[in-house]
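One structure below.
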Amino acid sequence: MHQNIKKPLYHPALERLPALLKETGFRGDVASDAALLAAMSTDNSVYAIAPDIVVAPRDAEDVRRLMRVLDTDALSGVPVTARGGGTGTNGQSLNAGIIVDFQKHMNRLLAVNVEEQWVEVEPGIVLDELNAQLASTGLFFAPTTSTASRCTIGGMVSTDASGKGSRRYGKTSDNILGMELVLDGGRTLDSAAPPPDWAHAMLLEIEGACQSGREALLKKVPALSRRFTGYDLERAKPPGGDLEWWRLPIGAEGTLGLVTRVRLRLLPKPKFKRLVVIGFETFAAALDAGGALLAHDPLAIEVMDEWVQGLAETAGILQALPAGLRARDGQPIAYNFVEFVGDDEADLARQVEVLRKSALTLTGAIASHVAVDDIEMAALWQVRAASVGLLGKVGGTRRPIAFVEDCVVPVENLTAFVRDFTGLLSANGLNFGMYGHVDVGCLHIRPALNIDRDEDRAIMRAISDGVFELTRRHGGIFWGEHGKGVRGAYLAEFVGATAYNAFGRIKRAFDPRHRFNPGKLVGEPGALMGIETTPFRSVNTEDGDPLSLAFKCNGNAQCLSYQRSTVMCPSFKATRDLRHSPKGRADALRHWHQMHQSGHATEELEDDVLAALDGCLGCKACATSCPVQVDIPEMKSHFLDRLYRKRRRSLADKAALLLEEYSPVLVRHRKFAAIFARLFNPLMETLSGLRNLPSLAFHDVGRGGYQTFSAEVIAKRQWHEETVFIWQDPFTALFDTQAALALADGLSRFGYRPVFVAMSAGGKAAHVLGDRTRFIRQARKLRSAIDEVAGSGRAMVGVDPAFVMMIRQEYKKAGLAGEPILLVQEFLSEEIARGRALPKLTAARLPRKLFVHCSESAGGSLMDWKRVLAALGASVEIAATGCCGMAGMFGHQDRHQAHSRQTFDLSWAGQLQGEDEAMVSGFSCRCQTKRFSSIRGEHPMRWIADAIDAG
């Protein structure tokens, strides 16, 4: 039962698939490059199975074209597996053969009926994306997963997903009204239409199978709110009712066919909600409180244990919690998150207050907090939602992994089940993290293992077998929320021979060739994938390896968020191509690393990885927003360094490196350089594949009356206590002295004495282009200068956010950490906290919106801007945007023009619409705004200084 699938020899025939599809009029994408195959070989599980080819259909007709082409003898044995967001924790969408990528193109809302409360969608639409499009109707699709920002409806159907609020709203299967299913040969079943003639015999066989196994299944499976689904014999053919065949693919994980359209039941969105967070001394106390809290009938009760709380504290994401709920003196805290919803605000408030008072009487309760504001509630829920990602960030070679993580038991048995479960883990010497849904008896428990080791894989199998038995002993279900996948190896034993035989009849009727996601759930003896024999994803590499973070990517896929107002990841948002995401790039780099180490890295493989990395804008959102902080720009720098030791660089790359290297010389001779550049920029653009190059500035900051000194001179002098030293990067100093002057003017209006430090190269271009030797040399020189100026004891501020963040992040990773250079809002925020009063600009005419550089979106930079604007009395909205699409040289390169414009249009264009002017903090962002809009975008300090001058 636990054996590997042997890979059939159908590869030669697959080489003809792109041409065969083109002949049929197929309009989607077909690809088999190494980077994409590596990205599609993993999900959020421990497994890795490389497909042979990836097909991304444009619509249902494309899916039928694909299946008709595959209906030949040469291609009849090729597996076909559907993939949505790839967030599965059990390898559900991993297989050899063909992966059908639905999220790339088939992500449309097809029809909505507000009166009848239903919507029809394609399977690739993301859950949050769907609900955002439904927002104006007052309706929503109720199942709420922690991966709602990237999981697709098709994936939710495939696994019968559920999440927060399922006790009231049910699982996905409780909210589906019908579907369209494409089978072998392109044959189509539509639940909204009479079955075609060819389907009658098939449906009769399916009906008989349902009747033969229904009672046996119900005797074996506990009746829980998180009910057993997948091959749903109970609902597909109830006694005396008609066959509803479309209920069988729900939870069947793509083993019965390809779902191309789904009709979903919608519910009215509650008008009001409240979130109560309760802290407990121990996880056991939080768990024991579940029954008492459930008596208040909340929408959901979620729990987080002390280990996960500690990880969240270290990661800095518990800042959203009030001080009373934060750990003190190293004492860990466990949390219960209790949400209430309703349409009567007064009644809801009373309900919440009753719970809040009673909660503090519970054993082990420390404190509670009620969140009313939507923004605060979202921030607090993010603390809980980040649990799965945080567990992937644990140091060491043993890290928490998903393989027994969604068992569900009766709520009254939960404490005993957890006691036995944790006892099993402790007996094997394993650490673990826990979080989950107390209200439905479903906890996510992730033991820490090193799956690169054979010994730990054996422990994994032993734990899996043990937990399976524990679940049955406590009256539970082994698969409560995240589907079965490879863990479906236990299915036959769980449901019994009679029900499993009925499953087999259904599988053969829908899929006689066993081509849809073979090896999962139902198959002949020996045909199913095994818990410990399915290929594993490598998770560790040598200490100090610059590509180690590629191995730590656990596939949680926060980087695949569809939300346009978030920074991560602009290239994926623009393309919906998995290659162009941090996850995809990490997979590609891991694959290249393994091939390189074994001596099998071909030039073709390097080209594929290079193409995937070329679309990275270097925004660094992955380095801060990803729970594991998979820093793609840093790893890209190291990859390019190795690559260009044996390859020639492009003219554009050489020009950028030389421009940075000799920028101090060009600054000293800027007028000559500016005239020369204006004469030769058109030729440079033609030769190098660049466009819209900025003009060199004719004047330096001395025009504003400000002095510039070298670091050596500064270190030898005494400076007034109000002195602020301003650092420029080469590109600001050469092209954007207006921003440098704006910063200096603003600071001087606040009473400070700005002094500029002589510019040094710094290494930004060298880092981006992977010239590591040049980067380290330039970084050491600048680091030395920074440390010299820091010795003066005066504040240091950088002009451009990208430059400041490079020093803060890249220098640290290069072993060059030291005294920080601050962003202007960080400096002013600290000054305000010390009691500094800023002039009031209440009556001043300022732009309505501030647009920040994407590197400022992480950490506390946005809050710093809010404090500064509040201290000024300025009513300025911080626009919720992602990356602008310029990103240094990226937006100037011919090959990236469409990508750059599309990224700008995703979030910036809409926010700028209707504006005549805006505060724009980043140099790249101001360049992009100038290119693609007619508004006046200036550095925030320019507007502030002018407003103060206007009085």
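Numbering (the working numbering), first residue to last: 1 to 951.
Positions of the beta carbon are idealized from the N, C-alpha and C atoms, including for glycine.
Computed from a prediction, not measured in an experiment: that's the story for all the values here.
Expressed to the nearest angstrom, what Euclidean distance is found between the alpha-carbon atoms of Glu542 and Gly396?
11 angstroms
For Trp865, report the span of its alpha helix (DSSP H) as first-last.
Ser861 to Leu872
Since Pro123 contacts Val157 with CB under 8 angstroms, what's their CB separation in whole angstroms?
7 angstroms
Under the assumption that Tyr47 contacts Arg564 (Cβ atoms under 8 angstroms), give the Cβ distance between them as a whole number of angstroms.
That pair is no contact at about 32 angstroms.
Find out if the Cβ-Cβ distance for the pair Thr566, Gly882 is shorter than 8 angstroms.
yes
DSSP three-state label for Ala371, please.
strand
From this set, Ala135, Asp614 and Ala60, which residue's C-alpha is nearest Asp101's C-alpha?
Ala60
So Val370 and Arg356 are in contact, right, with Cβ under 8 angstroms, and what is the actual spacing, rounded?
6 angstroms
According to DSSP, is Ile948 part of a helix, a strand, or is it coil?
helix
Please state whether the Cβ-Cβ distance between Val724 and Val797 is less than 8 angstroms.
yes
Nearest to Leu243 by alpha carbon, out of Ala209, Arg399, Leu139 and Glu353?
Ala209
Bridge partners for Phe954 per DSSP, in chain order?
As displayed, the chain neither begins before 1 nor continues past 951, which places residue 954 out of reach and without an answer.
Looking at the unbroken alpha helix (DSSP H) that takes in Asp190, where does it start and where does it end?
No alpha helix (DSSP H) holds Asp190; the beta strand (DSSP E) holding it covers Thr188 to Asp190.
What span of residues does the beta strand (DSSP E) with His437 cover, start to end?
Phe432 to His437
Could you spell out the range, first to last residue, of the beta strand (DSSP E) harbouring Cys442?
Cys442 to Leu449
So is Ala458 buried or exposed if we call it buried at 16+ other beta carbons inside 10 Å?
exposed
What residue from Leu256, Glu215, Gly324 and Leu348 has the CA that sits closest to Lys271's CA?
Leu348
Helix, strand or coil for Met377 per DSSP?
helix
Going by beta-carbon coordinates alone, are Gly279 and Leu325 separated by less than 8 angstroms?
yes
Contact set for Ala1023: own chain, Cβ-Cβ below 6 angstroms, skip 5 residues either direction:
Since the first residue shown for the chain is 1 and the last is 951, residue 1023 is missing from the structure and cannot be characterised.
Quick test of your reading: Ala652 and Arg590, contact by CB under 8 angstroms. State the CB separation rounded to the nearest angstrom.
The pair is not a contact, with the Cβ atoms about 29 angstroms apart (cut-off 8 angstroms).
Identify the continuous alpha helix (DSSP H) that holds Met69 and give its terminal residues.
Note that residue 69 is Val in the sequence shown here, rather than Met. Residues Ala60 to Val69.
Ile375 burial status per 10 Å Cβ neighbour count (16 or more: buried):
exposed
Given 8 angstroms as the limit, is there contact between the region 690-702 and the region 762-772, that is, 3 or more CB pairs closer than that?
no
Quick check on the burial criterion: 16 or more other C-beta atoms within 10 angstroms. Buried or exposed for Thr686?
exposed
To which residues of the same chain is Ala945 closer than 6 angstroms at the C-beta, ignoring the five residues directly before and after it?
Asp745, Gly746 and Arg749
Taking the DSSP output, what are the residues bridged to Met179?
Val262
At which residues does the alpha helix (DSSP H) containing Leu131 begin and terminate?
Correcting the residue identity first, residue 131 is Asn in this sequence and not Leu. Here the alpha helix (DSSP H) through Asn131 covers Leu127 to Leu134.
Through-space distance from Asp916 to Ser934, alpha-carbon basis:
8 angstroms
Alpha carbon to alpha carbon, how far is Gly544 from Arg642? Give it in angstroms, no decimals.
16 angstroms
Compare the C-alpha of Gln597 against each of Leu666, Leu547 and Ala292 and name the closest.
Leu547
Determine contact between the region 437-453 and the region 484-503, defined as no fewer than three beta-carbon pairs at a distance below 8 angstroms.
no
Mind checking whether Val404 and Phe417 have CB atoms under 8 angstroms apart?
no
Confirm, please, whether the CB-CB distance from Val539 to Ile451 is below 8 angstroms.
yes
Which residues in the same chain as Cys559 place their Cβ atom closer than 7 angstroms to its Cβ, once the five residues preceding and following it in sequence are excluded?
Met568, Cys569, Phe572, Ser581, Pro582, Lys583, Cys622 and Cys626
Thr602, DSSP secondary structure in three states
coil
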